[in-house]
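Colleague: I have a structure I would like to understand better, so I am pasting it below and will then ask my questions one at a time.
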């Protein structure tokens with residue numbers, strides 16, 4: 012169901028698997044099979060609403076086909092938990108990041124020579140953050 016997929020948490024696939032020639036060929040083959048199911052012959056449309064409904068149906072089927080093919084060939088990645096960066100983002104990094112943001116805001120509001128001073132401090136803080 013496409014609306015449920017689009018409202019669920021972000022879906023990610025192991026797309027790097029498509030770099031392998033065999034997986035890429037399999038993706039093309041499966042997608043073309045699914046595509047033939049998506050594109051039925053279209054009837055003549057008597058009014059605008061039936062044409063819009065037909066286009067919407069084709070759109071939903073195409074998206075479902077792409078999602079299903081990626082899921083079949085590449086496999087889904089598990090969603091990130093809230094603390095997946097917890098081990099990476101240290102208290103020192105938080106302090107350095109907040110300092111960099113503070114100096115950036117000060118630079119944006121500064122005038123004259125203060126502008127140069129805050130820009131240099133911001134660049135130093137940014138370099139410090141990158142080193143952490």
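Residue numbers (my numbering): 12 to 143. Virtual Cβ for every residue (Gly too), placed ideally from N, Cα, C. Note that this is a predicted model, so its numbers are computed, not measured.
For residue 76, which option in 44, 99 and 65 has the closest C-alpha, if you only look at C-alpha atoms?
Modeller: Comparing Cα-Cα distances from residue 76 to each of 44, 99 and 65, the minimum goes to 44.
Colleague: Let me know the secondary structure DSSP gives residue 24 once reduced to three states.
Modeller: The answer is strand: DSSP assigns residue 24 an E or B state.
Colleague: What is the residue span of the alpha helix (DSSP H) that residue 139 lies within?
Modeller: Residue 139 -> alpha helix (DSSP H) spans 124-142.
Colleague: Assuming residue 38 and residue 46 are in contact, meaning their beta carbons sit under 8 angstroms apart, how far apart are those beta carbons, in whole angstroms?
Modeller: Rounded, the Cβ-Cβ distance is 12 angstroms, inconsistent with contact.
Colleague: Report yes if the CB atom of residue 143 is closer than 8 angstroms to the CB atom of residue 112, and no otherwise.
Modeller: Contact flag unset, no.
Colleague: Please classify residue 87: does DSSP put it in a helix, a strand, or coil?
Modeller: DSSP places residue 87 in strand when its eight states are reduced to three.
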